[in-house]
Amino acid sequence: MKKIKKIKIKVNGKILLIVDKITLAELISNLQIPLRKVALELNREIIDKKKIKKLKLKNNDVIEIVHFIGGG
């Protein structure tokens, strides 16, 4: 039986253990976050949403997810 490798990342200040080789798009989907209503930052760099399907997360990555809120 093959052991699944896990990595540690931080999302909005909270540490998560996730499966190794997961993409940023898969993480956002697993967290059930509507992609069109957020901005994404990976290791202090804003990420173009067109590239998230290719970005594989690595151990100790830091992700910030900022939700847009309407108001006046």
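Mapped onto our numbering, the consecutive letters of the sequence shown carry residue numbers 1223 to 1294. Glycine residues also receive a C-beta, built at the ideal position from the N, C-alpha and C atoms.
Beta-carbon proximity of residue i to residue j, cut-off 7 Å
i	j	result
V1288	A1247	no
F1290	K1259	yes
Alpha-carbon to alpha-carbon, residue j and residue i
i	j	result
I1274	I1250	9 Å
N1265	I1240	17 Å
K1276	G1293	33 Å
I1255	K1224	30 Å
Chain-order list of residues whose beta-carbon lies under 8 Å from that of residue i (same chain, five-residue window excluded)
i	result
I1268	A1261 and L1262
Per DSSP, cross-strand counterpart(s) of residue i
i	result
L1262	I1287
E1267	L1264
Same chain, Cβ closer than 6 Å to residue i, five either side skipped, listed in chain order
i	result
K1278	K1243 and T1245
Handout entry: Touch test, the region 1229-1240 against the region 1277-1287, Cβ-Cβ under 8 Å, three pairs minimum
Key = Two segments are said to touch when three or more pairs of C-beta atoms, one from each, lie closer than 8 Å; by this definition the region 1229-1240 touches the region 1277-1287.
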